[in-house]
Every structure is written in C-alpha cells, then in structure tokens.
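Read left to right, the sequence shown gives residues -24 to -1, 1 to 349 (mature numbering (1 follows the signal peptide of the UniProt record, and there is no 0)). Ideal placement from N, C-alpha and C gives every residue a C-beta, glycine not left out. In what follows, a single structure is set out as structure tokens and then discussed.
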Amino acid sequence: MNAFARLLSGCLLATLAMGGAAFAQERSQEPAEAEAVAATSVQDGPYLSYGASQVQAQWVCDGEVIRKTFKARRWPLRIPPRCGYPDPIEVRAKAAAEPTSSVSGVDRIVALSDIHGQFDLAVRLLQANHVIDQRLRWHYGSGHLVVVGDVFDRGPRVTETFWLLYQLQQQARDAGGDVHVLLGNHETMVLYDDLRYVNPKYLRSAELLGKPYPQLYDADSVLGAWLRTLPTMLKIDDLLFVHGGIEPGHFDLHLDRDAVNARYRQSLGLAKATVKQDPLFAPLYDGKTSPIWYRGYFKQGELGQNDVQTILDRLGVSRIVVGHTSMEHVGAYFDGRVIAVDSSIKEGRSGELLFVERGRLERGMLDGKRVPL
C-alpha cells in the first residue's frame, strides 16, 4: 500500500470511528432522556373538555393532577392558568365550522411550519418580527399568520404551542387579520395513535391523567374540536399552502381543495388501519405522494420546471408554500414557484419566517432582520 493509500485508509477509518462514536452516543442518550423525563415533575396543561354548559379542566402540575370544572354561563369562558400554558385562555363555544379552503384580499402574510413543540423558539421568532408582543398577544394587525402543519411531536411544549395559536387566532380576527393552522402529517399521526415521535413528557402526562394521549385531543376536547376545523390545503390569493406538497398524480383523484379538506376532517381520529385501507382516505395518507407527506420538490431529478408549472396551473396559483422537508433556511425553488418554510425550528436552535407583503418575499430572522428571498 503506497503512502497516499495508507493516508486515505487512515482518514476513512477515523471518520467511521467518529461516526460510530457519535451514533453510539446518540443511542446511549435515548434511555437516559426517557428516564430523566419520567423522574422530572411534569408541568403540562390545561387539557379542556366541553361538557353540558361547562368546561372541564385538567392540569399536571409538579407531577400531580389538578381537576376543576368551570360553568359556561357565556362565551368566551376564561380559564385562569395553573401550570403549563402561562396565560388565561379564552375558550370559545364549540364550533362545527368547515375548514377554510381559500381567502382573498390579504396584503400581508407571515408563515412558518414544523414547530414541533418548540414553543420558546417560536415565541422568540414571532416576537422578534413583531407578529406577537411581549405578552404573547397578536401584533400583526390585519395580516395573516399561516402555520403550515406539524405542531405535534418531538419537542417539550406542544400543549403551550397549541394554546398560543388558539388564542392568537381570535385576537387576530378581532384585529381584522387571521391565524391559519394547517394539518400536517404529525397531527394525523397522533390522532390515529402513532406515537413514535411523541415527547416522553406527554406519555407521562397521559398516564397521570388516565387516558391514552390521543384521547386528550378527542372531538369533545377544546383543542381536539378545534383541530377538526383546520384545513390541510389553503389558498390565499395566488398562493397555495400545504404541509408536504402536491404531486402530479394528485389530480387523478379529482378532488378540489374543499373535498381534500373535508376528507381529512372526516378521517381525523380514525384508526391508522382504517385510513390506510379505506379507498376514500388511503390516497391522502400515502407516505410518499399525499399532500401531507410529499417531498418530491426537493428530490433531485424528480420534477422539472415544466412539471412544477403544470401543477401550479392546475391549482390556479403562482406559488406553493410547503413545510415538512427540513431546510437550514426558508428558501425558494424552481425560480420561486415553490417556497420551503420548514427552517428546522424542530431542532430548537434557530428558525426563520416567510413574509409575503405586497408582493415582496422576505425571510424574517431570529434577530428581527428581514432578508430578501
């Protein structure tokens, strides 16, 4: 073996050794993390459920369950904080509204996706960019905030994130704006009892509350009822927002946005086996091609410019905004036809926003600066 070969061999072995060590370290941390969460006093809640002219509240505070019933003499009903979400919650009457499929006449949009329980980072990002204020209240006036799916799973503050968005939605509407939370694949996964990515904290909460985790978000719960009103596909003027994306074969289903949203809504909470086998739902849960799972825009050679333009033409939009596929930054692809907004917030270290204001596209940074896209 010559000197160059020996050097190359040595480098390869060193690289493999480092990779193996990193992998071993990662694997060895998993049981320790689970043990630490099990031993730590859990702070979580509230979990609110509708009753007959009342709302039943549950918290897990310092590992102990607190339950209280609030009479609903009028709506909204104010629930004071105990632990978990830090502010009072204004609970709205249970609504059976169909998911919104389209909105027009919006001058200002801000979007992000895949928060995955990283409440603190999401708050920092929204505050730095003046979408919310220091009291966690809406500050974006008549603008619209779009969360392009995946609030559930991974991170330690999923409950707080949902309550923040629930609160902001009404505050935004009161100011002439709106908050649109879209369903992602992780919302559907939790609701059909696929808990592989749930933070161990929440399994412990569910155990203490005496319910399987998905049942904490059933149709009688405040957040569960709200989740069942959310869209999967949303058109705002000439932009389409969807968690994964729309692939060319989607049009063979002959489903418009309203029909897609209705079918996802009908399927929430059904067993995984049911949605995977039922011909009405199965195409919308395909792990490679469905709107909540598709990643084809970012796979080299899968689509060309003409393919993407054909998709946009059939959808009647100029751009499609997606999450799901994690990137380092908010980015534009296919000459700006596809915008990726999953900026890896789920890692808990950094993240970005997409601003679309009067035709200008910008990245909103963690320090509050704007960078043209």
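Helix, strand or coil at residue i according to DSSP, with G and I counted as helix
i, result
"Ile321", "helix"
"Phe310", "coil"
"Asp154", "strand"
"Ala(-1)", "With a pLDDT of 28 at Ala(-1), under the threshold of 50, the predicted position of this residue should be treated as unreliable, though the coordinate-derived value follows. Helix, per DSSP."
"Thr208", "coil"
"Val86", "strand"
"Pro62", "coil"
"His162", "helix"
"Gly200", "helix"
"Lys44", "strand"
"Ala316", "strand"
"residue 350", "One cannot answer for residue 350 here, as it falls past the ends of the chain, which runs -24 to 349."
"Trp51", "coil"
"Trp269", "coil"
"Val251", "helix"
"Leu330", "strand"
"Pro190", "helix"
"Leu185", "helix"
"Phe217", "strand"
"Leu344", "Before going on, a small fix: residue 344 reads as Gly here, not Leu. Coil, per DSSP."
"Gln276", "coil"
Cutoff 7 Å; reference residue i; Cβ partners in own chain excluding five residues on either side
i, result
"Arg241", "Pro75 and Arg204"
"Ser17", "Asp38 and Gly39"
"Ala71", "Thr205"
"Asn237", "Pro75, Ser77, Pro207, Thr208 and Met209"
"Leu279", "Gly272 and Tyr273"
Buried or exposed (CB count within 10 angstroms, at least 16 for buried), residue i
i, result
"Val347", "exposed"
"Ala(-22)", "Bear in mind that the predicted position of Ala(-22) carries a pLDDT of just 42, short of 50, making it unreliable; the figure below should be weighed with that in mind. With fewer than 16 Cβ atoms within 10 Å of its Cβ, Ala(-22) is classed as exposed."
"Ala87", "buried"
"Gly312", "exposed"
"Glu304", "exposed"
"Arg334", "exposed"
"Gly152", "exposed"
"His230", "exposed"
"Leu24", "buried"
"Ala73", "exposed"
"Asp154", "buried"
"Ala235", "exposed"
"Asp109", "exposed"
"Gln34", "buried"
Proximal residues to residue i (C-beta, below 6 Å), its chain only, five neighbours per side dropped
i, result
"Asp169", "Pro190"
"Glu223", "Thr265, Tyr270 and Gly272"
"Leu216", "Leu291, Val293 and Ile296"
"Phe95", "Arg133, Glu136 and Thr137"
"Val332", "Ile85"
"Gly344", "Ala104 and Asn105"
"Ser243", "Val251 and Phe257"
Rounded Cβ spacing between residue i and residue j (contact assumed at less than 8 Å)
i, j, result
"Val124", "Val317", "6 Å"
"Arg58", "Gly21", "7 Å"
"Gly119", "Ile85", "7 Å"
"residue 417", "Tyr193", "Not covered by the structure: residue 417. The range shown for the chain is -24 to 349."
Same chain only: Cβ atoms within 8 Å of residue i, ignoring 5 sequence neighbours per side
i, result
"Val127", "Ile91, His92, Gly93, Val134, Thr137, Phe138, Leu141, Val157, Gly160, His162 and Glu163"
"Val31", "Leu24, Ser25, Thr45, Phe46, Ala48, Leu53, Ile55, Val67 and Val198"
Closer than 8 Å: residue i CB and nearest the ligand FMN heavy atom
i, result
"Ala249", "The ligand FMN is not among the ligands present in this structure, which contains no ligands whatsoever."
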